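In order, the protein sequences belong to chains A and B.
Residue 322 in the working numbering sits at position 322 of the first sequence, with consecutive numbering throughout.
Residue 1182 in the working numbering sits at position 182 of the second sequence, with consecutive numbering throughout.
We put the CB at the ideal spot given by N, CA and C, even for glycine.
Here the structure is a predicted model, which is why all the values come from computation and not from measurement.
See structure below.
Number of protein chains: 2
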Amino acid sequence: MSYTIKDVAKKANVSIATVSRILNGQGGYSEKTKSKVLKVIEELGYQPNAVARGLINKRTHTIGVLFPKLSSSLVTDLLDGIEKAANDNGSSVIVCHTESNGEKTMKYLQLLIEKRVDGIIFASEILKDEYYQFVAKTSMPMILLSTESYAYPVPFVKVNDFHAAYAAAKHLIDKGHTRIGMISGNKDDIIAGIPRIEGFKKALTDHNIPLGSENIVFSRGFTFPDGVDGLKNLIKLFPDVTAIFAASDEMAIGALSAAYQMGIRVPDEVSVIGYDNLNLAEMSIPPLTTVGQPLAKMGETAAEMLFSILETGETPESRIMPHKIIERMSVKERK
Amino acid sequence: MSYTIKDVAKKANVSIATVSRILNGQGGYSEKTKSKVLKVIEELGYQPNAVARGLINKRTHTIGVLFPKLSSSLVTDLLDGIEKAANDNGSSVIVCHTESNGEKTMKYLQLLIEKRVDGIIFASEILKDEYYQFVAKTSMPMILLSTESYAYPVPFVKVNDFHAAYAAAKHLIDKGHTRIGMISGNKDDIIAGIPRIEGFKKALTDHNIPLGSENIVFSRGFTFPDGVDGLKNLIKLFPDVTAIFAASDEMAIGALSAAYQMGIRVPDEVSVIGYDNLNLAEMSIPPLTTVGQPLAKMGETAAEMLFSILETGETPESRIMPHKIIERMSVKERK
DNA sequence: TCAAATTACGTAAACGTTTACGTAATTTAC
DNA sequence: GTAAATTACGTAAACGTTTACGTAATTTGA
């Protein structure tokens, strides 16, 4: 067992209150006793017990992050930023891998609430009614990251998916393409599905590009296999497509892979633009042109918003982060 | 503020001891009071305070994981397994991103110790003397994951790097290659550097393949850019190489990328085998043949070892996990 | 030099649990 | 029906801190 504040107090011949005051730098003690106590702390190797502190201060300096899937780099990059901001604010982060499973999510929320974390970040997760009610009841602050809620007043940070998808399609158009397809994600996904599809459509119609049911294929998710299937389906439906917008980088890379297998050269025969700018995107062959989200920055911002709630008690404004076309090698000008 | 056990006790007309006993299913109460108390808990939406529990039970049901870099999929896959095992054991995991920075690591260790986590996993991190001493002093259990220590008796779980590298080289040899190069990582890295280099060398000499200083290039780390530089250097040194062993998948993918830029076709002109079997490996073009480590399983095992220490108090044996050649498309038979 | 103001402490309660110990109520055994 | 055994509780201390309040010691001001 480690030493407690009592051991320090006894050995330094002071009361525990004095030790506590010194530990927290609150004043009310002489320099002499301060150095005496500090010396004892050093000798004993005393480490304050954050659990006891948490009990009385009602702050655990821990936040919880819920996300659907760890091995997606989307989440990793977000988490990277969250962890950084947390660390800068003297807090730690508990990771909760929900697998987009409602039951598992509720179990995690329960856990986080019992652990009295200071706040919760939902990363790239749809905020179900059940989730919201459960944590709102405890008045524990929450932030939505790379997602948003239309039904509840929970602050979020994300890019504007509609605008970003529009920009992606427009980039293809600007490069001279007119036969443009989209490998979309889940068309029932209110956050990442529909707005990207609509942004894509709007760009095409705004520029008088023909748009029919053959232009878009849908998938169940936003993963690599969804991308390979997506490309195959799209080529079947729309054989003379010259440029493709994939709704995620993982899907784009899946499309690259499928194209390679089918002997379709990228970008010579068909151009591909992705969405996210994951670390992956610069490792692909060819390196992927994509619409970048500042993922780490977004994670950082989300965590900082949480800390600002904890300090001020005020709900911060949601943040729309800027997206940006990252030009690499997978899109080619078409004459 | 949320309700406490006292509120429940008062409303149910029992003592807090009874509520506690019911909560923990320890017996010593009638069915009637049990259901009465449970009903009050339900009505109030009472959530026990894990902080208070942790204080008295001296178990926080939280473990800490230290790793150098989040955005590497190596770590992500390990973390995935850790998180799973932790969840199965009713615990949560705090992530600590050290950037391989000694000061940052010490700060994190201090934090984890103050938070009284139940144990610590060093994932893919070299265990410095300073780290070991600091946590050993608190007798907090630790596990090494995908790394090991020669100096200290800390249980580890990893694959045998020497054997695995030998197997990788032998795979190339079995496929008929005789001009074989290696893009190695850091040659000063006692854990992931040297053993892989030595395993590679041994395979070559065992099979009477010429081996000189031109066969191996060294890098600073194990990253994607290290891989692209590695390939360029290797080709310069050893122009007629037909097969390459890269010391990590990220490096292998970097090599693929560089080869593509240089117009070298993989696997037609040169075969490439990687090391790790990251999720990445099946997304590359061509899909990467690699020596697989069961990363998620390893993470799970590490966490389970930690829990077993907590239950039994006994130090478990270290585990050498099996590696396996995963054949995909980046290695070609040579006649 | 002496009262007043300030500083430097110490005491004890509180945070929300668990649990050892004690006791009243109930059940069992005859 | 009564003593013994068992069951079902309640009381209070403990976990390791922080902090309101009180008081002795020191400093200040004239």
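Per-residue DSSP class, three states only, for Val157(A): As a working mapping, residue 157(A) is identified with position 157 in the first sequence. Three-state result, Val157(A): strand.
Per DSSP, the bridge partner or partners of Ala50(A): Reading the first sequence from its first residue, position 50 is the one you call residue 50(A). For Ala50(A), which the question treats as bridged, DSSP gives no partner whatsoever.
Candidates Lys332(A), Gly64(A), Ile183(A), Gly185(A), of which the one nearest Val266(A) by Cα: Locating residue 266(A) in the first sequence gives position 266, where the first residue counts as 1. Nearest C-alpha to Val266(A): Lys332(A).
Which of helix, strand or coil DSSP assigns to Thr1033(B): Counted from its first residue, the second sequence places residue 1033(B) at position 33. The answer is helix: DSSP assigns Thr1033(B) an H, G or I state.
Given 8 Å, three or more beta-carbon pairs between the segment 1024-1038 of chain B and the segment 157-177 of chain A: no
Neighbour flag for Gly1254(B) against chain A, beta carbons, 9 Å: If you number the second sequence from 1, residue 1254(B) lands on position 254. So, interface residue.
Three-way DSSP call (helix, strand, coil) for Gly1027(B) in this model: By one-based count along the second sequence, residue 1027(B) stands at place 27. In the structure shown, Gly1027(B) sits in coil (DSSP, three-state: anything other than H, G, I, E or B).
Neighbour-count burial assignment, Gln1026(B), 16 or more Cβ in a 10 Å radius: For the purposes of this step, residue 1026(B) is taken as residue 26 along the second sequence, with counting starting at 1. With fewer than 16 other Cβ atoms within 10 Å, it is exposed.
Buried versus exposed call for Asn338(A) [16 or more other C-beta atoms within 10 Å across all chains shown]: With chain A covering only 1 through 335, there is no way to say anything about residue 338(A).
Which of helix, strand or coil DSSP assigns to Leu280(A): Here residue 280(A) is taken as the residue at index 280 of the first sequence, counted from 1. Leu280(A): helix per DSSP, three-state reduction.
Three or more C-beta pairs below 8 Å linking the segment 1243-1253 of chain B and the segment 1269-1278 of chain B: yes
Buried/exposed call for Ile1121(B), threshold 16 Cβ in 10 Å: Along the second sequence, read from residue 1 onward, the residue named residue 1121(B) stands at position 121. So Ile1121(B) counts as buried.
Rounded C-alpha distance that separates Glu314(A) from Leu127(A): Reading the first sequence from its first residue, position 314 is the one you call residue 314(A). Reading the first sequence from its first residue, position 127 is the one you call residue 127(A). Cα to Cα, the separation comes out at about 21 Å.
Nearest-angstrom Cα separation, counted from Ser184(A) out to Val1019(B): The residue given as residue 1019(B) occupies position 19 in the second sequence. The residue given as residue 184(A) occupies position 184 in the first sequence. Their backbone Cα atoms lie some 53 Å apart in a straight line.
C-beta contact flag for His61(A) and Ser15(A) at 9 Å: Against the first sequence, residue 61(A) aligns to sequence position 61. Against the first sequence, residue 15(A) aligns to sequence position 15. Against a cut-off of 9 Å, the Cβ pair of Ser15(A) and His61(A) comes out as no contact.
Cβ of Arg1116(B) within 9 Å of any chain A Cβ: To locate residue 1116(B), count along the second sequence from 1; it is residue 116. Taking Cβ atoms only, chain A reaches closer than 9 Å to Arg1116(B), which makes this a yes.
Classification of Ala1136(B) by the beta-carbon crowding that lies within 10 angstroms, buried from 16 upward: Stepping through the second sequence from its first residue, residue 1136(B) is reached at position 136. When all chains shown are included, Ala1136(B) counts as exposed.
Neighbourhood of Phe222(A) by C-beta distance below 8 Å, restricted to the same chain and skipping five residues each side: Reading the first sequence from its first residue, position 222 is the one you call residue 222(A). Excluding residues within five positions, the ones whose Cβ falls inside 8 Å are Gly185, Asn186, Ala192, Ala247, Ser248, Glu250, Met251.
Neighbour list for Lys137(A) in chain B, Cβ cutoff strictly below 8 Å: Position 137 of the first sequence, counting from 1, holds the residue named residue 137(A). What Lys137(A) touches in chain B: Gly1045.
Cut-off 7 Å between Cβ atoms - residues of its own chain near Val1008(B), not counting five sequence neighbours on either side: Along the second sequence, read from residue 1 onward, the residue named residue 1008(B) stands at position 8. Here the set comprises Val1019, Val1037, Val1040, Ile1041, Leu1044, Tyr1046.
Chain B within 9 Å of Asn49(A), Cβ atoms only: Within the first sequence, numbered from 1, the residue matching residue 49(A) stands at position 49. At least one chain B Cβ lies under 9 Å of Asn49(A).
Distance between beta carbons of Leu306(A) and Ile143(A), contact taken as under 8 Å: Mapped onto the first sequence, residue 143(A) falls at position 143. Mapped onto the first sequence, residue 306(A) falls at position 306. At roughly 5 Å, the Cβ-Cβ gap stays under 8 Å, so Ile143(A) and Leu306(A) are in contact.
Where the alpha helix (DSSP H) through Arg319(A) begins and ends: Along the first sequence, read from residue 1 onward, the residue named residue 319(A) stands at position 319. Looking at the DSSP string, Arg319(A) is not in any alpha helix (DSSP H); the run it does join, the beta strand (DSSP E), is 319-321.
Neighbour-count burial assignment, Gln1293(B), 16 or more Cβ in a 10 Å radius: As a first step, residue 1293(B) is located in the second sequence; it is residue number 293 there, counting from the start. Looking at its Cβ environment, which holds 16 or more other Cβ atoms inside 10 Å, Gln1293(B) is buried.
Three CB pairs or more closer than 8 Å across the segment 275-290 of chain A and the segment 66-78 of chain A: yes
CB contact below 9 Å: Pro1239(B) versus chain A: Looking up residue 1239(B) in the second sequence gives position 239. With 9 Å as the cut-off, Pro1239(B) does not count as an interface residue toward chain A.
CA-to-CA distance, Gln1110(B) to Glu1300(B), given in whole angstroms: Locating residue 1300(B) in the second sequence gives position 300, counting from the first residue. Locating residue 1110(B) in the second sequence gives position 110, counting from the first residue. Approximately 25 Å between the Cα atoms of the pair.
Val1388(B), enclosing alpha helix (DSSP H) - first and last residue: What the structure shows of chain B is the stretch from 1001 to 1335, and residue 1388(B) is not part of that stretch, so it cannot be assessed.
Cβ contact check for the segment 1077-1087 of chain B and the segment 81-98 of chain A: 3 or more pairs under 8 Å: yes
Cβ shell of Lys232(A) (< 8 Å), same chain only, five flanking positions each side left out: Residue numbering aside, residue 232(A) sits at position 232 when the first sequence is read from its first letter. Around Lys232(A): Ala258, Met262.
Close Cβ partners of Pro1048(B) (< 8 Å) along its chain, the five nearest in sequence each way excluded: Residue mapping note: residue 1048(B) aligns to position 48 of the second sequence, counting from 1. Correct list, in chain order: Ile1005, Leu1023.
Beta-carbon neighbours of Leu1079(B), restricted to chain A and to distances below 7 Å: Working through the second sequence from its first residue, we reach residue 1079(B) at position 79. Within chain A, the residues near Leu1079(B) are Leu70.
As assigned by DSSP and simplified to three states, the class of Leu112(A): Counting from 1 along the first sequence, the entry for residue 112(A) is found at position 112. Helix, per DSSP.
Residues of its chain near Lys297(A), where Cβ-Cβ distance is below 8 Å and the 5 sequence neighbours each way are ignored: Start at 1 with the first residue of the first sequence, and residue 297(A) comes out as number 297. Taken in chain order, the residues that qualify are Gly81, Met321.
DSSP bridge partner residues for Met1142(B) (one or two, in chain order): Here residue 1142(B) refers to the residue found at position 142 of the second sequence. Met1142(B) pairs with Ile1120(B).
For Tyr1275(B), the residue or residues it bridges with in DSSP: On the second sequence, position 275 is the one that residue 1275(B) refers to. Looking at the DSSP assignment, Tyr1275(B) forms a beta bridge with Val1291(B).
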